[in-house]
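Residue numbers (the numbering used here), protein chains in the order written: chain Y, 1 to 604; chain X, 1 to 604.
Note that beta-carbon positions come from the ideal geometry of N, C-alpha and C, so glycine has one too.
See structure below.
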């Protein structure tokens, strides 16, 4: 599939062969669907990606939005994308019939996002944020709020944002200082500033619905005094007729390394004391409500790393198959015709690494979306809880693997092109700038790591670990019955046993009560856990590939594809999984060198 | 030293405590110097860096040069820099008295470059390339060529470039196709195109001296038919009076991810059949001659990675000490005042990694420059050869460690700033774009790896390995006598024994004659060897620090500094050296997955 930015064959394999998502249609909630409707969604996404998004990829980077006279105008490509994406129903698709949606499984919507995001990773930000904000309103809002705001967002008439970060607080949301003063009519006056608001202003729609974290006057300090508000850029005037300005002002625009087609705004709410907000859900429950939405957002960021890496992989693979340079290392005739660089083992290694990251990361993230769907559609509370627990554990892992390893893969793609990769003549340069944001969005890698090791792993006496082991061992057992996979099942088993010992060791540190010692290397722990998870995912893919190889009479193309799957799995186990050794060595070494000591500062 | 882009204290420690460069003054060639003159050079470099280079860093990135009407105008900052740098004598300093130089050791010139490059990594490209080209002319040129070209280059009147790459050839220099046709007057007509020529055109000086690889008509094919030519942009007219155009035309300018203040040009030589070239050195010896200069250039690129990482380290350290966010992990009072982020172990880990890479990489590269100086000044041919052999082995290692780990460190710097790091409000964003070129310049990492494992390691029955082991074991022995260092000396010894076994294993593959199998993972081998070299370098620094700590009565500042050295050495051994385990596991695993197979292509 050289020449495009993703492989549909691989996406279908992941969705249907590995994750068997057609089974979701057995749930009442999804019963309007089958694999055919899923495929139609992916076809529609491909159409928009190829015809509208890709052609605007470079130009919208070179001509980034500016804040002029308080107004932000975005690239024409964003307008075209948003119109097409919402008109064709992709925006509302995963939502309920009641709000114009199609009750499409999130995993399929995410696969569509993979297709679109690989074509233009900035454009999908607008639709993603709108979906996330609408989801929050539909989950916690009053019927009136759902009608007034969510419906218009899902139709594409208005867009949405999430407004968390403030200058002084950053990731420390307990320090949010924006205020909300109750008014006699039940609304609130909002006052404060928010920074880094993606798609926080634009000329795409005539209204933007901001979801804003703020403190109601007199609320408790810290995280337990934060509430969530719906704050439209423009509000309906008192007669309910037309829109009037709601005192939400763009006071700055950030210029970024990449993702330039999405403006990151500095917004001021209530500078003129005339900004009205509507409480969403319960007072002082803003953070837990927001985090519900953040889980989806984190998966989306991990996907961002992977869809960019996918575009980078196919661009560098195409280059490698077309670019003649040098001779093969075993070629005796130094004066013969040059070979294309895809024949050089070092180039092949860089390409295989990309492929292993892209296809492994994609499958991990889509599996999480599938779990979200099961959690949504399942009636049995204990099953719901099972998937919820798994998701709490896996979401930061999937986010971080996608972000960090997506960056590694994209940079390998650039490297394959040599000096050309560093120039604007090829898209690798832009992809490498774009992907750099993913380890910062929605909680940095360090923040994700603290969530995993500090909260999810110790929670409920290690319950999440048990669930995870149950899931992984199902696949190890399956793989043990296959001659080719046996070796890899055993390798995974061994590595997991080692990881389990490492985890116990860290938990014994936690038991001593010094959180700084316990969490000092949390980021390295998350890296290790990510490597193991994707090793598991590759075993899953190996199982699905071997199943087809063993029973079916395959076309030459299909044979190639499934054998390539097994080959890439083997690459992952022989090249990527060994990285677990070094991390384990570090994590079981109790020499503390990163702790702060008042008497001695080595950082100078 | 927060607030600047490098630590002078650390630079002095590296030069004088660790490398003892004042001993170079014992050589006749350097006897005009002592540590005082060395310091004056560093002071002068600091002055230019702070007053001229840093102020232009951002603006020259935002306003990149364009090719307009065949002309390239560069930023005013480049003009100011080049004038100051040459007028103060830094350009000519490392050259012989005969050509206006001061016979300054290259290691001191490199330290000055570290200071300047950290302030503006694009500007130093102009002076670096000119020095490299002048060095080649002084080494291989006729007296007339030295007078006519090199003298004017070293005075700052003209600049120089290296023109190797052609569109169809890339790193494969045997495929160079530019032609040189002998003329009755002993000159040559040059015809061909070169790409990616850094500083290949500008309005800085009224002439540019290109050193061009080309084939004399009828020369043997392949690498043995390539000659080196001096091709000025403008030549003296036949009366020897004024300059006339030499038919060297800028036909394209590359727009790059970073290093934007240095134009990368696409040049056409002899489009009008009126481009005169002068043979430099021997006919058909162009490549070995050029490679002599490439060694210095490769060290310079490694230094590029490190001086950028130094700027990133101090910028992120400053941010971390000023930015309040969150509470310490052990803080019971969640509502207390926020702490600055330098108190968080994860942030400290990111900072320590940067510091370990910057100070380790700097010392490795400066040690190589010192070896270059000894090779130059030493009279005894066997000693000369000894250092030459060591340099052949270490140059690609130092280049690659600086480039690859400089990139890692710079990205950690960006990560420390969170979302701010991704914006143009801080220099990390620009530094991260700039540093990305280093693993591509002067031979990609893959090319360096083939040089190390394919040529230097097997050469002369493994002679270079023996020399290297001799050097390293000197330090291991010294460290064994120190209570603190003993542990680390033993760790290094163990790791080297393991590396030696891995090397023997790979050489046994080489003996079977399949170069593709032997070299498939050369890049990973180079990574491993780089990690070990910097572990050695850190032991060296530990030895020097312990020496001072044990005998001297130190000020509180100095005590802090030397203890920080030992602390950072320990960080390196506990966090970075363990990476050797995973690489060893991969390199001793004979499963080949990256070889090309005509019947099966896993890359799809």
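Using beta-carbon distances, residue 334 of chain Y counts as an interface residue toward chain X, with a partner under 7 Å. Under the 7 Å criterion on CB atoms, residue 257 of chain X is classed as interfacial with respect to chain Y. Among the CB atoms of chain Y, one or more fall inside 7 Å of the CB of residue 326 of chain X. When the five nearest sequence neighbours on each side are left out, the beta carbons in the same chain lying within less than 8 Å of the beta carbon of residue 219 of chain Y are those of 225, 226, 227, 283, 284, in order along the chain. Under the Cβ criterion (8 Å, minimum of three pairs), the region 563-580 of chain Y counts as touching the region 530-541 of chain Y. Listed by position along chain X, the residues whose Cβ is nearer than 9 Å to that of residue 437 of chain Y are 419, 422.
Residues of chain X whose Cβ lies closer than 7 Å to the Cβ of residue 196 of chain Y are, in chain order, 419. At a cut-off of 7 Å, the C-beta of residue 343 of chain Y has a neighbouring C-beta in chain X.
Counting along the chain, residue 38 of chain X sits inside the alpha helix (DSSP H) bounded by residues 35-48.
Remark: C-beta atoms of residue 95 of chain Y and residue 377 of chain Y do not approach each other more closely than 7 Å. In this structure, the beta-carbon distance from residue 52 of chain X to residue 149 of chain X does not fall below 7 Å. Fewer than three Cβ pairs drawn from the region 390-400 of chain Y and the region 205-221 of chain Y lie within less than 8 Å of each other, which leaves the two stretches out of contact. For residue 414 of chain Y, same chain residues with a beta-carbon under 6 Å away, outside a window of 5 residues either side, are 421, 428, 432 in chain order. Of all residues in the region 96-116 of chain Y, none comes within less than 8 Å of chain X when Cβ atoms are compared. Here residue 391 of chain X is buried, its C-beta having at least 16 other C-beta atoms within 10 Å. Using beta-carbon distances, residue 30 of chain Y does not count as an interface residue toward chain X, since no partner is under 7 Å.
Along the length of the region 457-490 of chain X, whole alpha helix (DSSP H) runs at least 4 residues long occupy 459-480, reported in chain order.
By the criterion of a C-beta distance shorter than 6 Å, residue 200 of chain Y is surrounded in its chain by 161, 265, 267, once the five residues flanking it on both sides are discounted.
Distance from the CA atom of residue 232 of chain X to the CA atom of residue 434 of chain X, rounded to whole angstroms, is 29 Å. When DSSP states are grouped into helix, strand and coil, residue 55 of chain Y belongs to the helix group. Contact between the region 441-460 of chain X and the region 363-380 of chain X is absent, with fewer than three C-beta pairs closer than 8 Å. Taking 8 Å as the upper bound on Cβ-Cβ separation, chain Y lies near no residue of the region 476-495 of chain X. Residues of the same chain with a CB within less than 6 Å of the CB of residue 271 of chain Y, apart from the 5 flanking positions on each side, are 249 in chain order. Between residue 400 of chain Y and residue 445 of chain Y, the CB-CB gap stays under 7 Å.
In the DSSP assignment, residue 214 of chain X falls within the unbroken beta strand (DSSP E) covering 208-216. Identification of chain X residues near residue 601 of chain Y by a Cβ-Cβ cut-off of 9 Å yields 342, 560, 564, ordered along the chain. Leaving aside the five residues that flank residue 67 of chain Y on each side, the residues in its chain whose CB is nearer than 6 Å to its CB run, in chain order, 250, 253. Per the Cβ contact rule, the region 288-302 of chain X is not in contact with the region 455-467 of chain Y (fewer than 3 Cβ pairs under 8 Å).
For residue 330 of chain Y, the neighbours in chain X by C-beta distance under 8 Å run, in chain order, 514, 515, 516. The residue from X:164, X:511, X:183 with its alpha-carbon nearest to that of residue 177 of chain X is X:164. Only residues of its own chain outside the window of five on either side were considered, and among them 119 have a CB closer than 6 Å to the CB of residue 54 of chain X, listed in chain order.
Residue 108 of chain Y and residue 100 of chain Y have their C-alpha atoms some 17 Å from each other.
Note on geometry: alpha-carbon atoms of residue 237 of chain X and residue 11 of chain X lie some 47 Å from one another. Along the length of the region 143-215 of chain Y, whole beta strand (DSSP E) runs at least 3 residues long occupy 159-163, 179-182, 188-198, reported in chain order.
The Cβ atoms of residue 137 of chain Y and residue 49 of chain Y do not sit closer than 7 Å to each other. Residue 485 of chain X and residue 525 of chain X do not touch by the CB rule: their CB atoms are close to 27 Å apart, not below 8 Å.
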